[in-house]
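Engineer: Handing you a structure now.
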Amino acid sequence: METPFWKTKALEAMSPAEWESLCDGCGKCCLSKLEDEDTGEIYWTSVGCRLFDARSCRCSDYANRLARVSDCVGLTPRNVRSISWLPSTCAYRLVAEGRDLYWWHRLVSGSAETVHEAGISMRGRVKASETDLAEPEDYFDYMLDEEP
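Residue 58 in the numbering used here sits at position 73 of the sequence shown, and the numbers go up by one each step.
See below:
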């Protein structure tokens, strides 16, 4: 049996298709996060980006997301090593740290549904869209106690 590409290739050496396939579809990166300006601490919310489809846990306009959402962060092999808010379960983060993917990742399980079945994704857990909130303070009502 051939060793999976994520165990043998550096992030920088992956093809575009391999890179994209690392996304597990959890939707956590599409949640609004708050950062304490003094400490740099990240606070998770249950507020989804305006382009986030909470049923599919995918961006509704992935190809144009960076142009349509000014604070959307496009993940690259270089920046995944320094983004502090990437979820602890994120495949990009795991591979960058030399760790393996979890059993529920679609590349391991063979199914895009296992991330949802394992309760890792944001499916059914997004409580608001950023388009529903008028003021920055409104996000405080949706702060989570920990990373979802």
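The beta carbon of each residue, even a glycine, is placed where N, CA and C say it ideally should be.
Please give the ranges of any beta strand (DSSP E) in the region 13 to 70, keeping only runs that are unbroken, at least 3 residues long and fully inside the region.
Structural biologist: 16 to 20, 27 to 33
Engineer: On the CB-based measure, 16 or more other CB atoms within 10 Å of its CB, does Thr99 come out buried or exposed?
Structural biologist: buried
Engineer: Using a Cβ distance threshold of 8 Å, determine whether the region 126 to 133 contacts the region 46 to 60, with at least three qualifying pairs required.
Structural biologist: no
Engineer: Does Glu120 pass the burial test, meaning 16 or more other C-beta atoms within 10 Å, or should it be called exposed?
Structural biologist: exposed
Engineer: Note down, one range per segment and in chain order, each alpha helix (DSSP H) of at least 4 residues found wholly within the region 86 to 123.
Structural biologist: 91 to 94, 99 to 102
Engineer: Between the Cα of Cys8 and those of Arg53, Tyr87, Gly109, Arg35, spot the shortest distance and give me the residue it belongs to.
Structural biologist: The candidate whose alpha carbon is nearest that of Cys8 is Tyr87.
Engineer: Have a look at Asp117 and Leu36 and give me their C-alpha separation to the nearest angstrom.
Structural biologist: 13 Å
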